[in-house]
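Chemist: Take this structure, written in structure tokens, and hold onto it; I'll ask about it next.
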Amino acid sequence: MSFLHFPPWLPLIIFLSSLFIVLKWKAANRRKPNFPPSPPKLPIIGNLHQLGKLPHKSLWRLSRIYGPIMSLNLGRIETIIISSAETARALLKTHDLQSCNRPQTHAIKKFSYNFLDIGFSPYNSYWREIRKICMLEFFSMKRVLSYEPIREQEVGLIIESISQSASRGAIVDISEKSIALTTGVIFRIAFGKRFEGDGFNELISEVEAQIGSYSASEIFPAPFVGEVFDWFSGREARLERVFNEMNALFQEVIDEHLCPERPKPEQDDIIDVLLAISKKQVGSCTVVITQENIKAILFNIFVAGLDTGSITIVWAMTELAKNSKVMKKAQEEIRNYVGNKRKVTERDIEELPYLKMIVKETLRLHPPAPLLPRETISHFKIGDYDFYPKSMVQVNVWAIGRDPTCWTDPEEFLPERFTESSIDYNGQHFEFLPFGAGRRMCPGLNMGVKTVELALANLLYHFDWKLPNGMKKEDLDMEENSGLSLTLHKKLPLKLAPILYHP
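Take the sequence shown: its position 76, counting from 1, is numbered 76 in the UniProt record's numbering, and each next residue is one higher.
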């Protein structure tokens, strides 16, 4: 009888082989990351070619094919698109803390890091402290109401200007008047003086275009190639010029406020308040307000507030010009309540429910910012899909506002839909998100809405409005012009003929 003799190293080989097989089996059966579905991609550019001229509309059409959560490759930037109220609730409420960063594009970093900006800065202790100061000092209801005289005076100037045009039978550019109004209000609130000079609105538009777009270095797989392209295209030079112009403007007005010979204003503006806070602070403060912090807050107020209010006024007047019965009903409500007082005040607005419905319906159909950007901080799941840290997420507010599962006749302008509805733009109703929701919700919504409501009420009280040159309402242009901007403008200016109303 003979015995088989095994080499001493054979058991070790058998053990290691078995371990390898077990680990491989576990790896094969481990749950793989489940990413949202995606349209077919092209090499290098990914899904960029599918965005079109109006990204919010292109994304809406794609979502009808690939669902309310889908992923896209914008060059080498992974982006997840949210297109339903249910998924928006999951992101902005259930997973708000896990997804409350802002995407840091090259342009945003340029403005954010130099201005110590909070609107686009990461979620951290600095952001929380500065936002708390802003909410207490500028956007509290008490502070918003204190600016009532400024809003009423600026609206009065616009009404006077339109009245002069009406007396000559001239056509009025509503788009031009609305941006003049919001610029005038914000300049006085922020700087304590009236807006003078040309070019400021164009400068803000350039800032929005830079912030709302990606540089080639962020999209190309080889960043160096993109950097060369940005340099040759002039994008980097434009970014530097726009930043320097904004910085110079802010520094000039801060220096004016620091001048000992400056007359004491009747009411403190935003710079006065921030400088006072800065003087009172002590070393134990979490955040010390510096001139750069002041510039950051001014930057946010102008970028976030200048366009959004004027856009809403223009779209509201456009929809009213197209829907004469709605305009007539609104005018009857305003004129019956106000009577012959010769103007509508902010106190009157609270007694004009139909006007408020018109503003809501305008914000539903034409949200000033159609896409709401977020960046994830940590891993979480919505449904079966994984969201990983540093993922960029865009909530398609425009698409949600037109979702037929949430809204009856979603393409129609029907203010009456809000008559018996509790739906509001306060961030608690995820089928209606013109100002966002959660920690990154727009803090200035009360200030913006009050300006819009007051302007519309006076435009409808003082004038009857006609389309110019025999134009029919079917000919009224309703095309949007988003392009690279963060906001959703009407493509062509709205021009109407005012007829002075004599109560």
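Glycine included, each C-beta is placed from N, C-alpha and C at the ideal position.
Predicted model, so just to flag it, every value in this text is computed and none were measured.
1) Between residue 321 and the rest of its own chain, which residues show a CB-CB distance below 8 Å, the 5 nearest in sequence each way excluded?
2) Please name the residue in 256, 402, 442 whose C-alpha comes closest to that of residue 366.
3) Mark residue 379 as exposed unless 16 or more other C-beta atoms lie within 10 angstroms of its C-beta, in which case mark it buried.
4) Could you tell me the boundaries of the alpha helix (DSSP H) in which residue 154 lies?
5) Exposed or buried, what is residue 145 when buried is set at 16 or more other beta-carbons lying within 10 Å of its beta-carbon?
6) Roughly how many angstroms lie between the CA atoms of residue 210 and residue 335, to the nearest whole one?
7) Return the chain-ordered list of same chain residues with a C-beta closer than 6 Å to the C-beta of residue 374, the five sequence neighbours on each side being excluded.
8) Could you give the residue range of the alpha helix (DSSP H) that holds residue 399?
9) In the DSSP output, which residue or residues are listed as bridge partners for residue 465?
10) To the nearest whole angstrom, what separates the beta carbons of residue 271 and residue 191, a pair I think is in contact under 8 Å?
11) Please report the distance separating the alpha-carbon of residue 30 from that of residue 47.
12) Using DSSP's beta-bridge definition, name the partner residues of residue 393.
13) So the candidates are 498, 372, 420, 456; which of them puts its Cα closest to the Cα of residue 440?
14) Is residue 451 closer than 8 Å to residue 309 when the C-beta atoms are compared?
15) Do residue 344 and residue 208 have their beta-carbon atoms positioned less than 8 Å apart in this structure?
16) Give a yes or no on whether the C-beta atoms belonging to residue 349 and residue 416 are separated by under 8 Å.
17) Go through its chain and collect everything with a Cβ distance to residue 463's Cβ below 7 Å, but skip five positions before and after it.
18) Taking the alpha carbon of residue 418 as the point to measure from, which residue in 194, 360, 233, 157 has its own alpha carbon closest?
19) Take residue 358 as the anchor and find which of 492, 124, 312 has the nearest alpha-carbon.
20) Tell me whether the beta-carbon of residue 80 lies closer than 8 Å to the beta-carbon of residue 387.
21) Tell me whether the region 286–299 and the region 167–175 touch, counting them as touching only if at least three CB pairs, one residue from each stretch, are closer than 8 Å.
22) Here's a check: name, in chain order, each residue in its chain whose Cβ is nearer than 6 Å to the Cβ of residue 478, leaving out the five neighbours to either side.
23) What does a CB cutoff of less than 6 Å around residue 433 pick up in its chain, not counting 5 residues either side in sequence?
24) Tell me, which residues are paired with residue 490 by DSSP?
25) What separation, rounded to the nearest whole angstrom, lies between the Cα atoms of residue 503 and residue 148?
26) Quick check on residue 70: does DSSP put it in helix, strand or coil?
27) Can you tell me which of the three DSSP states residue 386 falls into?
28) Going by C-alpha to C-alpha distance, which of 266, 290, 265, 143 sits closest to residue 277?
29) Looking only at its chain, what residues have a beta carbon closer than 7 Å to the beta carbon of residue 364, apart from the 5 residues adjacent to it on each side?
30) Buried or exposed: where does residue 156 fall if 16 or more other Cβ atoms within 10 Å of its Cβ makes it buried?
31) Just to confirm before moving on: does the CB-CB distance between residue 301 and residue 186 stay below 8 Å?
32) In whole angstroms, what separates the C-alpha of residue 116 from that of residue 274?
33) Please name the residue, chosen from 237, 87, 281, that lies closest to residue 399 on a Cα-to-Cα basis.
34) May I have a chain-ordered list of the alpha helix (DSSP H) segments no shorter than 4 residues that lie completely inside the region 225–271?
35) Between residue 438 and residue 128, what straight-line distance do the alpha-carbon atoms span, to the nearest angstrom?
36) In or out: residue 488 buried (at least 16 other Cβ within 10 Å) or exposed?
Modeler: To lay it out plainly:
1) Walking along the sequence shown from the start, residue 321 turns up at place 321. Answer for residue 321: 327, 465, 467, 473, 476, 494, 496, listed in chain order.
2) As a working note, residue 366 is residue 366 in the sequence shown. The candidate whose alpha carbon is nearest that of residue 366 is 402.
3) If you number the sequence shown from 1, residue 379 lands on position 379. Answer is exposed; the Cβ neighbour count stays below 16.
4) By 1-based counting over the sequence shown, the position of residue 154 is 154. Looking at the DSSP string, the run of the alpha helix (DSSP H) that includes residue 154 is 148–168.
5) Taking the sequence shown and counting its residues from 1, one reaches residue 145 at position 145. Answer is exposed; the Cβ neighbour count stays below 16.
6) The residue labelled residue 210 in the question sits at position 210 within the sequence shown. The residue labelled residue 335 in the question sits at position 335 within the sequence shown. Approximately 43 Å, taken between the alpha carbons.
7) Taking the first residue of the sequence shown as position 1, residue 374 is located at position 374. Only residues of its own chain outside the window of five on either side were considered, and among them 99, 393 have a CB closer than 6 Å to the CB of residue 374, listed in chain order.
8) Locating residue 399 in the sequence shown gives position 399, where the first residue counts as 1. Note, residue 399: alpha helix (DSSP H), 397–400.
9) Reading the sequence shown from its first residue, position 465 is the one you call residue 465. Per DSSP, the beta bridge partners of residue 465 are 498.
10) Stepping through the sequence shown from its first residue, residue 271 is reached at position 271. Stepping through the sequence shown from its first residue, residue 191 is reached at position 191. About 7 Å separates the two Cβ atoms, so the contact holds.
11) As a working mapping, residue 30 is identified with position 30 in the sequence shown. As a working mapping, residue 47 is identified with position 47 in the sequence shown. In this predicted model, residue 30 has a pLDDT of only 44, less than 50, meaning its place in the structure is not dependable enough to derive any value.
12) As a first step, residue 393 must be located in the sequence shown, where it is residue number 393. Beta-bridge pairing links residue 393 to 80, 374.
13) Sequence index remark: in the sequence shown, residue 440 carries index 440 (1-based). With distances taken between Cα atoms, residue 440 lies closest to 372.
14) In the sequence shown, residue 309 corresponds to position 309, counting from 1. In the sequence shown, residue 451 corresponds to position 451, counting from 1. Result yes, Cβ atoms of residue 309 and residue 451 sit closer than 8 Å.
15) In the sequence shown, residue 208 corresponds to position 208, counting from 1. In the sequence shown, residue 344 corresponds to position 344, counting from 1. Cβ distance not < 8 Å, so residue 208 and residue 344 don't count as in contact.
16) One-based indexing of the sequence shown puts residue 349 at position 349. One-based indexing of the sequence shown puts residue 416 at position 416. It is not a contact, given that the beta carbons lie outside the stated cut-off.
17) As a first step, residue 463 must be located in the sequence shown, where it is residue number 463. If we look at residue 463 and ignore the five residues flanking it on each side, its Cβ neighbours are 162, 166, 498, 499, 500, 501.
18) Against the sequence shown, residue 418 aligns to sequence position 418. Looking at the Cα atoms, 360 is the closest of the given residues.
19) Counting from one through the sequence shown, the residue named residue 358 turns up at place 358. Comparing Cα-Cα distances from residue 358 to each of 492, 124, 312, the minimum goes to 312.
20) On the sequence shown, residue 80 is found 80 positions in, with the first residue counted as 1. On the sequence shown, residue 387 is found 387 positions in, with the first residue counted as 1. It is a contact, given that the beta carbons lie within the stated cut-off.
21) no
22) Taking the first residue of the sequence shown as 1, we reach residue 478 at position 478. For residue 478, where only same-chain residues beyond five positions count, there are no Cβ hits under 6 Å.
23) Within the sequence shown, residue 433 is the residue found at index 433, counting from 1. If we look at residue 433 and ignore the five residues flanking it on each side, its Cβ neighbours are 397.
24) Here the question's residue 490 lines up with position 490 in the sequence shown. Its beta-bridge partners are 480.
25) Start at 1 with the first residue of the sequence shown, and residue 503 comes out as number 503. Start at 1 with the first residue of the sequence shown, and residue 148 comes out as number 148. In a straight line, the C-alpha of residue 503 is about 24 Å away from that of residue 148.
26) The count along the sequence shown starts at 1 and reaches residue 70 at position 70. Looking at residue 70 - three-state DSSP - the assignment turns out to be strand.
27) What you label residue 386 is simply residue 386 of the sequence shown in a count that begins at 1. DSSP places residue 386 in strand when its eight states are reduced to three.
28) In the sequence shown, residue 277 corresponds to position 277, counting from 1. Nearest option by C-alpha distance: 290.
29) Taking the sequence shown and counting its residues from 1, the one referred to as residue 364 is at position 364. Result list for residue 364: 401, 432, in chain order.
30) Against the sequence shown, residue 156 aligns to sequence position 156. Its Cβ having fewer than 16 others within 10 Å, residue 156 is exposed.
31) The residue labelled residue 301 in the question sits at position 301 within the sequence shown. The residue labelled residue 186 in the question sits at position 186 within the sequence shown. Yes, these two residues count as a Cβ contact at 8 Å.
32) The residue you call residue 116 lines up with position 116 of the sequence shown. The residue you call residue 274 lines up with position 274 of the sequence shown. Confidence at residue 116 is low in this model, with a pLDDT of 49, below 50, so the placement of that residue is unreliable and no value is reported for it.
33) Walking along the sequence shown from the start, residue 399 turns up at place 399. The shortest Cα separation from residue 399 among 237, 87, 281 belongs to 87.
34) 235–258
35) Stepping through the sequence shown from its first residue, residue 438 is reached at position 438. Stepping through the sequence shown from its first residue, residue 128 is reached at position 128. If you take the alpha carbons of residue 438 and residue 128, they lie about 13 Å apart.
36) Residue mapping note: residue 488 aligns to position 488 of the sequence shown, counting from 1. Answer is buried; the Cβ neighbour count reaches 16.
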